[in-house]
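Written below as structure tokens is the structure these notes are about.
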Amino acid sequence: MKTNLRIAIASLRQNRMQALLTLLGMSVGVAMVVVVSGLGRGAQLRIEDQIESAGPTRIILRSGNFRPAAMEMTGQQDSGGGEPSEGSVSPNPLASDPPAEKGAIAPATDAAVADARRRAIETTSAKTHRTPPAPLDDAHVALLRRSIRGVRAVAASMRGNIPVDPASGIAMRTLRIEGIEAALPEMRGWTLVMGRFPGEDEYRAGAPVMVATADVVRRLWPDEAKPLGRSLSLKGRAVKLIGIIAVKHADEPSVAVPLVHVPLLLAKALLDRTDYDSIMVQTASVGVTTAVAASMRKELRALHTLPADTLDDFRIETQSVSAMPGMGSDPRLMRAVHSNVVEFEQASWEEMAKSLRQANRTFTLLLAAAAAVSLLVGGIGVMNIMLVSVTARTREIGLRMAVGARERDVMTQFLVEAVLLAAIGGAGGLLLGGIGLAVAHYGLHWATALSPAMLLLALAMAAGTGVVFGYGPARRASILDPVVAVRSE
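Quick note on numbering: my numbering labels position 235 of the sequence shown as 604, and the sequence is numbered without any gaps.
Dropping the structure here:
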């Protein structure tokens, strides 16, 4: 093999211009493969992020089964005489109900939505008994983390008011605190204005630290230019401000009492509570939200040992339900969805996500076809130079065979030369492709993604191209008649 490598390198040096042009063609082909792979993967990740940020991937579990505040604002009375989320919905399918009032949105005719409505009514109308709500505790958190497939993260939270010690030196005498777990800031989409979030060790230890929005910080310390590091005395404990966050208005309620966020264990100690107000679940993707919500409902009913004829003593809410009042949705649809939200997601986000992913795959395949053409051109260049090399070195081949070289030895020699040529061109292509992706990412601000496996695959494709397109010339060289080859000029 070493001898074949030395011969291959010497041959490339003798035909530098031809080798350089062939290397350039191969480099362009491999660079196209790298760029297409990077752009395609980047586009896929960008689409997934957009679907995840827009679609309903968050599920909130709350104790009790009461009338949502959004429904109260509609002024709509429940036709069954009970609370809407207790399953007391109209026995008639919503798809056939007339609008209840002027301006109400007409029922949707989409078959999937209509079917979801029908199942919602069938599921809830069969249940007539209620039980007192069970408080949410660590057993619920453990159940969601352990028993539900498709869950990315689970985080519990609790809220409560607490008096501010006079030693704090602020005008506020009452503060509202929310105890949160480490995953909650990311699940809610919080971003830092300055400072930091609590670390894992601080969450585990219930450290006396807090974060708050810029508005809350200004209310607490209106004359402080640099509030980070300031502390509040709460039940004799100095709780230090370590981060200022910017939160969407929908995530931060407008309350008269300022709200700060502290580690969950610290909130338990300050509020002297062990039950949670809510548990947020982040699903792995939009496509599994329906299945996760259904599994949650099944497991929670089993945990609470609820009979089949008993209503849920908990509420499962998703982003879709939270957004419906602002979208002007029909209150009757809201009641059905709230009673059986797990059946509603399939009619919208999953289909949209599927369509977007299919469009991205089609786009990537088109780019891959262009890259394959470029790689084919590079392979033809390798075949061309190898055929020229065989023709020019016919006498050399005859001499090698005359002194005992076998057909296999001659074929291996030319295959090694072809693979070496393709591999060098592939290495150059990796460099060109990396530069191209850098320009696309930093110059054009396109989404790109590159992995070591992708680079190794591109290099392997270059070497494979060398083998495929080098086999014909190598085979031609190996079957030459030694006598005729030696006499060749």
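We put the CB at the ideal spot given by N, CA and C, even for glycine.
Since this is a predicted model, take the numbers as computed values, not measurements.
The segment 824-844 in contact with the segment 775-788 per 3-pair CB rule at 8 Å: Segments in contact, yes.
Sub-9 Å separation of residue 572 and residue 594 beta-carbons: By one-based count along the sequence shown, residue 572 stands at place 203. By one-based count along the sequence shown, residue 594 stands at place 225. No, the pair does not count as a contact, with Cβ atoms beyond the cut-off.
Nearest neighbour of residue 798, chosen from 538, 827, 823 [CA to CA]: Taking the sequence shown and counting its residues from 1, one reaches residue 798 at position 429. Cα-wise, what sits closest to residue 798 is 827.
Unbroken beta strand (DSSP E) run spanning residue 547, endpoints: Here residue 547 refers to the residue found at position 178 of the sequence shown. Looking at the DSSP string, the run of the beta strand (DSSP E) that includes residue 547 is 543-549.
Limits of the beta strand (DSSP E) - the one that residue 609 falls within: The count along the sequence shown starts at 1 and reaches residue 609 at position 240. Looking at the DSSP string, the run of the beta strand (DSSP E) that includes residue 609 is 606-615.
Coarse secondary structure for residue 384, derived from DSSP in three states: For the purposes of this step, residue 384 is taken as the residue at position 15 of the sequence shown. Looking at residue 384 - three-state DSSP - the assignment turns out to be coil, as it is neither helix nor strand.
Pairwise C-alpha distance: residue 565 and residue 529: One-based indexing of the sequence shown puts residue 529 at position 160. One-based indexing of the sequence shown puts residue 565 at position 196. Their backbone Cα atoms lie some 23 Å apart in a straight line.
Three or more C-beta pairs below 8 Å linking the segment 799-816 and the segment 383-393: Output reads no: the segment 383-393 does not touch the segment 799-816.
Local conformation of residue 757 per DSSP, three classes: On the sequence shown, position 388 is the one that residue 757 refers to. Of the three classes helix, strand and coil, the one that applies to residue 757 here is helix, per DSSP.
Cβ-Cβ distance between residue 604 and residue 639 below 9 Å: Sequence index remark: in the sequence shown, residue 604 carries index 235 (1-based). Sequence index remark: in the sequence shown, residue 639 carries index 270 (1-based). Cβ distance < 9 Å, so residue 604 and residue 639 count as in contact.
Within 9 Å, strictly: CB atoms of residue 835 and residue 790: One-based indexing of the sequence shown puts residue 835 at position 466. One-based indexing of the sequence shown puts residue 790 at position 421. Taking 9 Å as the Cβ cut-off, residue 835 and residue 790 qualify as a contacting pair.
Through-space distance from residue 742 to residue 454, alpha-carbon basis: In the sequence shown, residue 454 corresponds to position 85, counting from 1. In the sequence shown, residue 742 corresponds to position 373, counting from 1. Residue placement at residue 454 cannot be trusted, given a pLDDT of 38 that sits under 50; the coordinates are not used to answer.
As assigned by DSSP and simplified to three states, the class of residue 642: On the sequence shown, residue 642 is found 273 positions in, with the first residue counted as 1. Correct three-state label for residue 642: coil.
CB contact flag (residue 567, residue 608, <9 Å): Sequence index remark: in the sequence shown, residue 567 carries index 198 (1-based). Sequence index remark: in the sequence shown, residue 608 carries index 239 (1-based). Taking 9 Å as the Cβ cut-off, residue 567 and residue 608 do not qualify as a contacting pair.
Short Cβ contact (9 Å threshold) for residue 839 with residue 768: Within the sequence shown, the letter at position 470 stands for residue 839. Within the sequence shown, the letter at position 399 stands for residue 768. Result no, Cβ atoms of residue 839 and residue 768 do not sit closer than 9 Å.
Where residue 566 sits in the DSSP three-state scheme: Counting from 1 along the sequence shown, the entry for residue 566 is found at position 197. Correct three-state label for residue 566: coil.
Complete beta strand (DSSP E) runs within the segment 489-536 (minimum length 3 residues, chain order): Complete beta strand (DSSP E) runs here, min 3: 520-532.
Test item: CB-CB of residue 673 and residue 500 under 9 Å: Taking the sequence shown and counting its residues from 1, one reaches residue 673 at position 304. Taking the sequence shown and counting its residues from 1, one reaches residue 500 at position 131. Yes, the Cβ-Cβ distance between residue 673 and residue 500 is below 9 Å.
Three-state secondary structure (DSSP) of residue 630: Within the sequence shown, numbered from 1, the residue matching residue 630 stands at position 261. It is a strand residue.
Residue 806 in three-state terms, based on DSSP: Your numbering for residue 806 matches position 437 in the sequence shown. Three-state DSSP puts residue 806 in a helix.
Coil, strand or helix - residue 746 by DSSP: Residue mapping note: residue 746 aligns to position 377 of the sequence shown, counting from 1. DSSP places residue 746 in the helix class (H, G or I) of the three-state scheme.
Per-residue burial, residue 418 [other beta carbons within 10 Å of its own, 16 or more giving buried]: Here residue 418 corresponds to residue number 49 of the sequence shown, with the count starting at 1. Residue 418 counts as exposed, since fewer than 16 other C-beta atoms from the protein chains shown sit within 10 angstroms of its C-beta.
Inter-residue Cα distance where the pair is residue 433 and residue 680: Taking the first residue of the sequence shown as position 1, residue 433 is located at position 64. Taking the first residue of the sequence shown as position 1, residue 680 is located at position 311. CA-CA distance, residue 433 to residue 680, rounds to 10 Å.
Beta-carbon proximity of residue 527 to residue 636, cut-off 9 Å: If you number the sequence shown from 1, residue 527 lands on position 158. If you number the sequence shown from 1, residue 636 lands on position 267. Taking 9 Å as the Cβ cut-off, residue 527 and residue 636 qualify as a contacting pair.
Distance between residue 746 and residue 740 (C-alpha atoms, nearest Å): For this step, residue 740 is matched to residue 371 along the sequence shown. For this step, residue 746 is matched to residue 377 along the sequence shown. Taking the CA atoms as reference points, residue 740 sits about 10 Å from residue 746.
Simplified DSSP assignment, three categories, for residue 674: To locate residue 674, count along the sequence shown from 1; it is residue 305. Coil, per DSSP.
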